[in-house]
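I have placed the structure first, in the form of structure tokens, so that the comments after it can refer back to it.
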Amino acid sequence: MPRWGMVIDLDKCTACQACSVACMAENNAPLVGRDESLHNRAITWHYVLPEVEEGDYPYFHARFLPRPCFHCAEPPCVKVCPVGATYVDEEGLVLVNYDRCIGCKYCVTSCPYGVRYVNWRHYHWPEPMEQYLNPEVPLRPEGVVEKCTFCIHRLRRAQEEAAAQGRQLTDAELVLLPACNQACPASARYFGDLDDPESTVSRLARNPRAFRVLEDLGTEPCVYYLAEEKN
Amino acid sequence: MAQLTRRAFLKLAAATAAAGGLYKLGMIRLDSLAAPEAALPGPVADRRLLGTCHLCAGGCGLSGRIVDGRLIKLDGNPFHPNNQGKLCPKGQAGQQVLYDPDRLKGPMRRVEGGWQQVSWDEALSEIADALRGLRASGHPERLAFLHDGKRGPTSDLIARFCRAFGTPNDLHAPRHSADGTGLAHWVSQGWNDHAAYDWENTDYFLCFGGAFLEAWQPLTRQLRAYARMRRGRPGRRARIVQIEPRASVTATKADEWIPIRPGTEGALALGIAHVIIREGLYDADFVAEHVFGFDDWSDQAGQQHMGFRSLVLRDYSPGQVAQITGVPAETIRRLAREFAAARPAAVAAGDVGGYTNSLYSQWAIHALNALVGSIDAPGGVLRQVEPPLAPWPEVVPDEIAARGLAQPRVDGAGGPGAPLAEHAPHRRTEEPEAPWPVDVLFLYHSNPLYDDPPGVGWAERLANTRLVVSFSPYLDETSALADLLLPDCTYLEKWFLEPLEPSLGYPAVGLGRPLVEPLYDTRNTGDVLIQLARALGDPIAAAFPWPHFVAALEERVKGLYQSGRGLPTAESWEAFWAEFQSRAVWYDPQYEFGQWERVLATPSGRFELASPQLKARLEAVGLRVTDQDLLPHFVPPAFEGEEAAYPFTLRTFKPITYAERWNGNIPWLQEIYGLHVQERWDSWVELNPETAHELGIRDGERVRVESVAGSIELRARLWPGTPPDVVSIPLGHGRAAGGRWSEGFGANPNALLAALADPLSGELATQSTRVRIVKL
Chain A
0 MPRWGMVIDL DKCTACQACS VACMAENNAP LVGRDESLHN RAITWHYVLP
50 EVEEGDYPYF HARFLPRPCF HCAEPPCVKV CPVGATYVDE EGLVLVNYDR
100 CIGCKYCVTS CPYGVRYVNW RHYHWPEPME QYLNPEVPLR PEGVVEKCTF
150 CIHRLRRAQE EAAAQGRQLT DAELVLLPAC NQACPASARY FGDLDDPEST
200 VSRLARNPRA FRVLEDLGTE PCVYYLAEEK N
Chain B
0 MAQLTRRAFL KLAAATAAAG GLYKLGMIRL DSLAAPEAAL PGPVADRRLL
50 GTCHLCAGGC GLSGRIVDGR LIKLDGNPFH PNNQGKLCPK GQAGQQVLYD
100 PDRLKGPMRR VEGGWQQVSW DEALSEIADA LRGLRASGHP ERLAFLHDGK
150 RGPTSDLIAR FCRAFGTPND LHAPRHSADG TGLAHWVSQG WNDHAAYDWE
200 NTDYFLCFGG AFLEAWQPLT RQLRAYARMR RGRPGRRARI VQIEPRASVT
250 ATKADEWIPI RPGTEGALAL GIAHVIIREG LYDADFVAEH VFGFDDWSDQ
300 AGQQHMGFRS LVLRDYSPGQ VAQITGVPAE TIRRLAREFA AARPAAVAAG
350 DVGGYTNSLY SQWAIHALNA LVGSIDAPGG VLRQVEPPLA PWPEVVPDEI
400 AARGLAQPRV DGAGGPGAPL AEHAPHRRTE EPEAPWPVDV LFLYHSNPLY
450 DDPPGVGWAE RLANTRLVVS FSPYLDETSA LADLLLPDCT YLEKWFLEPL
500 EPSLGYPAVG LGRPLVEPLY DTRNTGDVLI QLARALGDPI AAAFPWPHFV
550 AALEERVKGL YQSGRGLPTA ESWEAFWAEF QSRAVWYDPQ YEFGQWERVL
600 ATPSGRFELA SPQLKARLEA VGLRVTDQDL LPHFVPPAFE GEEAAYPFTL
650 RTFKPITYAE RWNGNIPWLQ EIYGLHVQER WDSWVELNPE TAHELGIRDG
700 ERVRVESVAG SIELRARLWP GTPPDVVSIP LGHGRAAGGR WSEGFGANPN
750 ALLAALADPL SGELATQSTR VRIVKL
């Protein structure tokens, strides 16, 4: 059974945010509009977080962290869900059953990485914008919590297609599989099976530059970063 | 949990889809059972169509995922050498351009109190009548066509229309892309264009001012190249130094950010040149063989003139330059040594447009490339090879047209106010050029009311124009004042050709083709011009012999086929055209180094560090020139606004999310607009944290920014990459038209700008206004 994970090389990343837009386009991100967005109700499964440390001018340090869901092996969100709507699937993906979610938002509070988003309202797409919606990704009703799925629909489709050919997905096919990875102009993102020691993500996760965010919380994130360097 | 297995579910979903209904929104939600993996609607039948992006000038290849005639997703065209299957955040957002609910849906005529729908035939005949009137009165030059001047057949068709009709007023108005680099290449290498760069092999990049990861085009190529410079060559990580007054996101990704006084970048380049020359670090062979004006020189009359070396050694020691730029002398020495040590895989480039000294600054920066021999060298600066598109037959203007073409241009380009300009519509024109002698104005991909400082006078120009026709696909600020709206299709619904902007060096042409059927009653402006020419009758109609724009494009593409070079090639024209449509790109990945006549196309056949042709051009318009005027040198930049009253220099900048060839009605880009300060759906002004503290302004508070030209209100954000005497505002907000997601919020910093221009190029000095900050 694979255990899906991702590696993002910050030394290649240009902070362009193509990943964030690709995610919104692929996953039918609700159009919340300006007012809701300014109330921090934007739904951006993938987001690039700035981290700025001020020094004495002109010295300062800024780092940009592209952030999908980390699909933790020990996910706090799953532990707090009172109805079992959020769960870890057999391949390690942290998912939400939208029909079970009661909108209590415990998971939103418990996630240290802020990856979970609430549908505060019934959002709609004004004519003709609904035409671009991806028919392979379900829409989420008002009141439920949603999050990055590592593009599970792409994964399942690729698995089905490989299975129909009587084979397994190759590492090369997996690396760019999620929409964010496919888009990345810098090719700074890698996806694959962390349990396969030969996979690209396994190899990179063993790199001395590799780190995870807030590792000391014991959440065991499945997203690794490779640290940026300076010449 | 569902007992239905995934495989069974997928089969079921596929069967349902095949049976007809494909999918209905909402139904998915209601019908979904249990876990989302089971609730996944399942794969649908889809296909890919390849095309070309048009959201910036870059022209990346697109791959559209099409389901049931709808565009579901945009990715990069894997065949296009520029973006190789990748796409920047703007390009990804193209679906929201296509399906923008506020687009214009058909031609309209201004009537009392609003707009009235008209038919294309009515609109075209109204314009044809007005145009016939101009020619009948013997004044075809009273037609002006303002457009973005993007290279390629659409601009060529516009130029052709202007020429056949008889107007010299084919006005290019690129949106804040004026950067002086084209002229710097003209004066030094003999061609007026951006340069290509061999980033794949560059080891050292000294970037002056341009946010090359945000604002350079083609952007996706820049982003790809950055990753390659960082980690694409094991053991060989390029060093990138970003020199600019404000730390952009690009500066934070560079190895080092060097803040510099605004407008003094050219002086820094000359200081670096000083050290390189003094310490003998330059490429003596390249200079001896390929450079003119390094040493003192004499002209044809035998008169002696000062050369580059003498001037630089005299005026630009690190100590002198430190005084001008604020960059420490030791840093200047270090940069010079590092840069020269990396030669020839070292590039000095940037964008220091927006000042009144842009040409000389850009020339000084480019001179560094000549000193280290990185001109036309691996890892250095290349000249883009143009694709072998076949030309259309020449237009022969008739007598009326010839008289019109001989009239002076309304923007004064090439005249005393802008002697080196080919186009200068952004420049404020003074008497006797004003008032604006234009009766009919066509607008294509240009929105000067929003993009230009108010002092340029577009409001008066438009008010003094009898008939304003806009081809914009949406209602922008300028189109809102038009008399007729003839909306173009979006780039996802139409045919066009996009020759590669200078970037890779070798030639490429993207094919724009409809990925979906046009949504509305809109027409490709190329088709409209052909129809208009036909309505005007001969001799104009004769210059447009094609039934439609695609036929005109095919004629150009035949040149690619006939060249027999590049990819694709084919046995027959029909096979080539079919293959070109399916790949949506042609390219020839060969760049031949050492074609010196092509690369150094100056009168001397060398890289000119002293320019006799500049002397001739300036003297032709009656300007007196000194030796120094013929060399790259530092001209103190002019700023509008007394320093005592307006203590801050205003920088306007383009975030990566600014879709400059389109409007702001793109929610996905609004959602991520200002990455480094986490701003969305709004404008902000960046202040140095210390300065803000002194002014008693806290992060996020509203302030008023005032200049001699105007004032705007917006929120202050503290950004440590801001010098104490500089404030910065992003472009793209504060729109009065355009749609529900772009109007009515934020502020347009262009409203603060003084109408200053570079006295040589006529380009707007957009970074040359001082402002003050008032706490609200």
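These protein sequence lines map, in sequence, to chains A and B.
Residue 0 is where the first sequence starts when you use numbering that gives the first Met the number 0, and the numbers rise one by one after that.
Residue 0 is where the second sequence starts when you use numbering that gives the first Met the number 0, and the numbers rise one by one after that.
We put the beta carbon where it would ideally sit given N, CA and C, even for glycine.
Just so you know, these numbers come straight off a predicted model, no measurement behind them.
Does the Cβ of residue i have 16 or more other Cβ atoms within 10 Å, making it buried, or fewer, making it exposed?
i: A:Asp192; result: buried
i: A:Lys78; result: exposed
i: B:Leu775; result: exposed
i: B:Pro546; result: exposed
i: B:Ile276; result: buried
i: A:Tyr58; result: exposed
i: A:Val274; result: Only positions 0 to 230 of chain A appear in this structure, which leaves residue 274 of chain A out of reach.
i: B:Gln589; result: exposed
i: B:Thr721; result: buried
i: A:His60; result: exposed
i: B:Ile711; result: buried
i: A:Asn39; result: exposed
Pull up the distance between the alpha-carbon of residue i and that of residue j, whole angstroms please.
i: B:Ala300; j: B:Glu385; result: 37 Å
i: A:Ala226; j: A:Arg62; result: 10 Å
i: A:Pro29; j: A:Ser19; result: 14 Å
i: B:Lys72; j: A:Cys80; result: 33 Å
i: B:Glu278; j: B:Ala321; result: 18 Å
i: A:Asn96; j: A:Ala84; result: 5 Å
i: A:Glu135; j: A:Gly142; result: 21 Å
i: B:Leu312; j: B:Glu329; result: 17 Å
i: B:Ser357; j: B:Asp757; result: 7 Å
i: A:Cys150; j: B:Tyr473; result: 34 Å
i: B:Gln2; j: B:Leu48; result: Reliability of the predicted coordinates at B:Gln2 is poor, the pLDDT of 40 falling under 50, and no value is obtained from them.
i: B:Ile126; j: B:Ser297; result: 56 Å
i: B:Ala600; j: B:Lys85; result: 35 Å
i: B:Glu516; j: B:Gly68; result: 8 Å
i: B:Gly416; j: B:Leu759; result: 7 Å
i: A:Ala17; j: A:Trp119; result: 26 Å
i: B:Ala122; j: B:Cys59; result: 34 Å
Confirm, please, whether the CB-CB distance from residue j to residue i is below 8 Å.
i: B:Asp350; j: B:Gly181; result: no
i: B:Gln677; j: B:Trp740; result: no
i: B:Val186; j: B:Trp362; result: yes
i: B:Arg245; j: B:Ser727; result: yes
i: B:Pro567; j: B:Arg555; result: no
i: A:Leu175; j: A:Val6; result: no
i: B:Gly743; j: B:Asp101; result: no
i: B:Gly165; j: B:Pro506; result: no
i: A:Pro220; j: A:Glu90; result: no
i: B:Thr249; j: B:Glu213; result: yes
i: A:Phe190; j: A:Leu168; result: no
i: B:Val684; j: B:Ala708; result: no
i: B:Glu705; j: B:Val770; result: yes
i: B:Thr51; j: B:Gly509; result: yes
i: B:Pro501; j: B:Asp192; result: yes
i: A:Lys229; j: B:Asp254; result: yes
i: B:Gly411; j: B:Thr428; result: yes
i: B:Phe575; j: B:Ser247; result: no
i: A:Ala41; j: B:Arg679; result: yes
i: B:Gly621; j: B:Ser682; result: no
i: B:Pro611; j: B:Gly673; result: no
i: B:Asn446; j: B:Cys488; result: no
Quick one: measure Cβ to Cβ for residue i and residue j, integer angstroms, because I've assumed they're closer than 8 Å.
i: B:Ala268; j: B:Phe307; result: Incorrect: roughly 12 Å between the Cβ atoms, too far for contact.
i: A:Cys22; j: A:Ala178; result: 6 Å
Looking only at DSSP bridge pairs, what is residue i linked to?
i: B:Trp585; result: B:Val508
i: B:Ser778; result: With chain B covering only 0 through 775, there is no way to say anything about residue 778 of chain B.
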